[in-house]
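Taking it in order: structure first as structure tokens, then the write-up.
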Amino acid sequence: MKVVLDCDPGHDDMVAIILAATHFELLGVTTVGGNAPLWRVTENALRILELLGRQDIPVAAGAAGPLMGVLPREGERVHGVSGLDGAELPRPTRSVVREHAVTFLIETVMRNPGTAVIATGPLTNIALAMRLEPRFARSVARLSIMGGSVTQGNVTPVAEFNAWADPEAAQIVFSSGARLTMCGLDLTRQAAMGPEEIARLRAVGTRTAGVTADLLEYYREASERLTGSRAVPLHDPCAVAALAAPELFEFRFAEAAVETRGAHTRGMTVVDQRHWEAPGADGRPSRPGLVRVATKVDAARLFDLVAEALAACP
Ligand code: RIB
Ligand code: CA
Numbered sequence: 001m002k003v004v005l006d007c008d009p010g011h012d013d014m015v016a017i018i019l020a021a022t023h024f025e026l027l028g029v030t031t032v033g034g035n036a037p038l039w040r041v042t043e044n045a046l047r048i049l050e051l052l053g054r055q056d057i058p059v060a061a062g063a064a065g066p067l068m069g070v071l072p073r074e075g076e077r078v079h080g081v082s083g084l085d086g087a088e089l090p091r092p093t094r095s096v097v098r099e100h101a102v103t104f105l106i107e108t109v110m111r112n113p114g115t116a117v118i119a120t121g122p123l124t125n126i127a128l129a130m131r132l133e134p135r136f137a138r139s140v141a142r143l144s145i146m147g148g149s150v151t152q153g154n155v156t157p158v159a160e161f162n163a164w165a166d167p168e169a170a171q172i173v174f175s176s177g178a179r180l181t182m183c184g185l186d187l188t189r190q191a192a193m194g195p196e197e198i199a200r201l202r203a204v205g206t207r208t209a210g211v212t213a214d215l216l217e218y219y220r221e222a223s224e225r226l227t228g229s230r231a232v233p234l235h236d237p238c239a240v241a242a243l244a245a246p247e248l249f250e251f252r253f254a255e256a257a258v259e260t261r262g263a264h265t266r267g268m269t270v271v272d273q274r275h276w277e278a279p280g281a282d283g284r285p286s287r288p289g290l291v292r293v294a295t296k297v298d299a300a301r302l303f304d305l306v307a308e309a310l311a312a313c314p
């Protein structure tokens, strides 16, 4: 499957890039301001691909901030000032392509029928692509996102960071009719890594495995200081694995929308739990407009997938 990954690396975004580069024909990585300012997450994407020896995968920089308002600085608390603190990655030997990420997304999807898009940051680039090219939403074979939550949030009691950072963009995407898979916090919290799981990744033995383990240990410690939990959810790789290894997941369908006005609920993904629907025999929803919500993941097998991908890296 051909894929474009839109992200804001970001420690868990980095693992998403590794999984995507291993499992798919990764046509490009597009970046969006989120965990850190745009220039930093873009530099991080270039450095990650340099580490993987995948300078062949183009990187296109996108939106610096949300459609409305300014980029929040919440990401620094767990990702550090650089957005990827905790290890030194190689300096890039090439730069971004000249195209804006939104143009890159549109042209890549429209020229390569069957291409899927995976988004692990705020949905600003995806929403802009949908507005700029009205055929984009229905041309994307699958749109798998890490974002939202059926229940509790993380940056607020009800809102998850990616949806909260740009609620207007998220609502554009959720109401677009795209074949949307949502990996929200209820799911990603099932894939939390403690020191033991990170040590297992380090034991894979490749240079990429060692650097990734250093980065994840930084991320885990920062998360523990914030939440008190010794295990840190591996959020973004879930959105990649949902397309690469759907057998590890359980999915149900529901109506979902994103709150953009609530004084206390802005950025909340409102999933209608009154009318959950099981997938049809073909795995598709019974009717258009339903979001495929990942509800369960086999975390142990997901971590195996990450270890196998790291073993395939330099
Ligand atoms: O809420 C989790 C999301 O916020 C992940 O994409 C992580 O990278 C952070 O950006
Ligand atoms: Ca992210």
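Quick note on the working numbering: the sequence shown kicks off at 1 and runs consecutively. Every residue gets a Cβ at the ideal spot worked out from N, C-alpha and C, and that includes glycine.
Would DSSP call residue i helix, strand or coil?
i, result
"leucine 38", "helix"
"glutamate 224", "helix"
"alanine 61", "strand"
"phenylalanine 303", "helix"
"valine 15", "helix"
"alanine 312", "coil"
"arginine 138", "helix"
"leucine 51", "helix"
Strictly by DSSP, which residues pair up with residue i?
i, result
"leucine 5", "Val29 and Ile118"
"threonine 265", "DSSP output for threonine 265 lists no bridge partner at all."
"glutamate 43", "BP columns for glutamate 43 are empty, so no partner."
"alanine 257", "Val270"
"glutamate 133", "BP columns for glutamate 133 are empty, so no partner."
"phenylalanine 323", "The first residue shown for the chain is 1 and the last is 314, placing residue 323 beyond what the model contains."
"valine 232", "Met193"
"glutamate 277", "Phe253"
Between residue i and ligand 2, is the CB less than 7 Å from at least one heavy atom?
i, result
"aspartate 236", "yes"
"asparagine 112", "no"
"cysteine 313", "no"
"glycine 34", "yes"
"glycine 121", "yes"
"aspartate 8", "yes"
"aspartate 13", "yes"
Could you spell out the range, first to last residue, of the beta strand (DSSP E) harbouring residue i?
i, result
"arginine 292", "291 to 297"
For the alpha helix (DSSP H) holding residue i, just list the boundary residues, first then last.
i, result
"valine 240", "235 to 244"
Taking 7 Å as the cut-off, is the C-beta of residue i nearer than that to any heavy atom in ligand 1?
i, result
"asparagine 154", "yes"
"methionine 146", "yes"
"phenylalanine 136", "no"
"asparagine 162", "yes"
"glycine 65", "no"
"glycine 75", "yes"
For residue i, is the beta carbon positioned less than 7 Å from some heavy atom of ligand 4?
i, result
"phenylalanine 104", "In terms of ligand content, the structure shown lacks ligand 4 and carries ligand 1 and ligand 2 instead."
### Message
Report the start-end ranges of each beta strand (DSSP E) in the segment 142 to 214 that is 3 residues or longer and not cut off at the edges.
### Response
143 to 146 and 180 to 183
### Query
Of all the alpha helix (DSSP H) runs that stay within the bounds of the segment 64 to 128, which reach a length of 4 or more residues?
76 to 79 and 101 to 111
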